[in-house]
Amino acid sequence: MFIEQGIDRNNKFWKYILGSIFIIGASFVGQMPMLVLILLQTFFKGKNYPANEEELMHFFEPNLNLFLLLISFVFALVGIYFVVRLLHKQKLLSIVTARKKMDWKRVFFSFVIWSLFTIVSTVVTFYLNPTDFKINFQLIPFLILVLIATFLIPIQTSVEELVFRGYLMQGFGNLSRNKWFPLLMTSSIFGLMHLFNPEVTKLGNVIMVYYIGTGLLLGIMTLMDDGLELALGFHAANNLIGALLVTTDWSAFQTYSIFKDVSEPEAGLDIIFPVVVIYPLLLVIFGIKYKWFNWKEKLTGSIV
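Here is the structure:
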């Protein structure tokens with residue numbers, strides 16, 4: 108079983124705390140290029156140092172900004188590898204899947220399902236509320252965006268899955284010797300990680316329902332399917348297709364997307380609906396396709 112792969116009497120919880128600190132440190136190292144460029148701009152071009160995250164999102168040209176934001180995840184990925192291999196003496200595959208090798212068909216299926224939903228729902232919303240959008244498409248900047256996003260966004264989402272649904276899921280499993288505690292803890296921490304996103308400032312704390320709910324969805328996928336493959340596909344589709352399709356002036360990613368949402372944001376049905384309707388439906392689809400059973404044991408059972 109996937110979560111049991113991290114169970115080892117030598118895998119004390121302090122190792123997971125130390126490993127998490129190392130991974131965060133590696134991510135900070137990856138933020139140095141952005142910091143250096145910001146300092147150069149402020150010293151030599153007289154630009155004001157960004158006082159908050161919203162100003163940071165608009166500091167550079169959007170494609171450069173996106174590249175600099177995402178490059179830190181490459182460093183974090185390297186950090187994960189060294190933590191798993193050297194600190195925990197495990198193979199990286201052990202925090203990815205219980206299968207003998209990565210099941211790329213699962214990744215692809217999940218990616219396609221959520222990409223189609225995202226595209227269709229965006230197009231429907233555009234036609235129902237055309238005044239809420241404006242066409243933002245610029246060919247050359249968009250093609251550059253496609254290159255940056257296609258390479259780096261899957262790394263970003265994979266790092267988040269490896270940390271939360273892989274590394275920490277097994278770490279909290281080691282600590283609690285059950286499955287419900289790791290599921291709730293990783294989902295909550297994943298949600299709280301987004302607390303300082305511009306979206307929270309704009310929409311209010313109610314959007315945390317969406318973030319924590321998404322964490323729960325990804326955690327349930329992982330425990331029921333004994334691996335990260337479905338979560339990896341979903342998360343990559345969610346961020347990649349979203350970055351290519353729609354941007355706003357207040358979201359975490361500023362991109363040369365096809366559309367720009369110019370409506371006044373408000374937290375309403377579009378925040379709650381995916382969590383209480385779409386996500387359960389998605390789990391049903393995966394459950395039928397991959398013949399999931401014994402849900403209670405897999406999500407709340409004890410770890411021997």
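Using the numbering used here, count along the sequence shown one by one with no gaps and you end on 411.
Positions of the beta carbon are idealized from the N, C-alpha and C atoms, including for glycine.
Please report the Cβ distance between Ile-255 and Leu-175, rounded to the nearest whole angstrom; I am assuming they are in contact, meaning their Cβ atoms lie under 8 Å.
Rounded, the Cβ-Cβ distance is 10 Å, inconsistent with contact.
Using a Cβ-Cβ cutoff of less than 6 Å, which residues in the same chain neighbour Gln-138 once the five nearest sequence positions on both sides are dropped?
Ser-179
C-beta contact flag for Ser-222 and Ile-365 at 9 Å
no
Please tell me whether Trp-402 and Met-315 are closer than 9 Å, where the distance is taken between their beta carbons.
Contact flag unset, no.
Name the DSSP bridge partner or partners of Asn-465?
Limits of the chain in this structure are 108 at one end and 411 at the other, which puts residue 465 out of reach.
Considering Cα atoms alone, identify which of Ser-370, Ile-392, Thr-362 is closest to Glu-168.
Thr-362
Pull up the distance between the alpha-carbon of Phe-360 and that of Leu-144, whole angstroms please.
19 Å
Local conformation of Ser-295 per DSSP, three classes:
Three-state result, Ser-295: helix.
Below 8 Å, can you find three or more Cβ-Cβ pairs linking the region 261–279 to the region 386–401?
Put simply, the region 261–279 does not touch the region 386–401. Fewer than three CB pairs are less than 8 Å apart.
The beta strand (DSSP E) that contains Ile-242, what's its start and end?
240–242
Simplified DSSP assignment, three categories, for Val-353:
strand
Against chain D, does Ser-409 count as a neighbour if the rule is that its beta carbon must be under 9 Å from one of theirs?
Any reference to chain D falls outside this structure, which holds one protein chain only.
By DSSP, does Asp-332 sit in helix, in strand, or in coil?
helix
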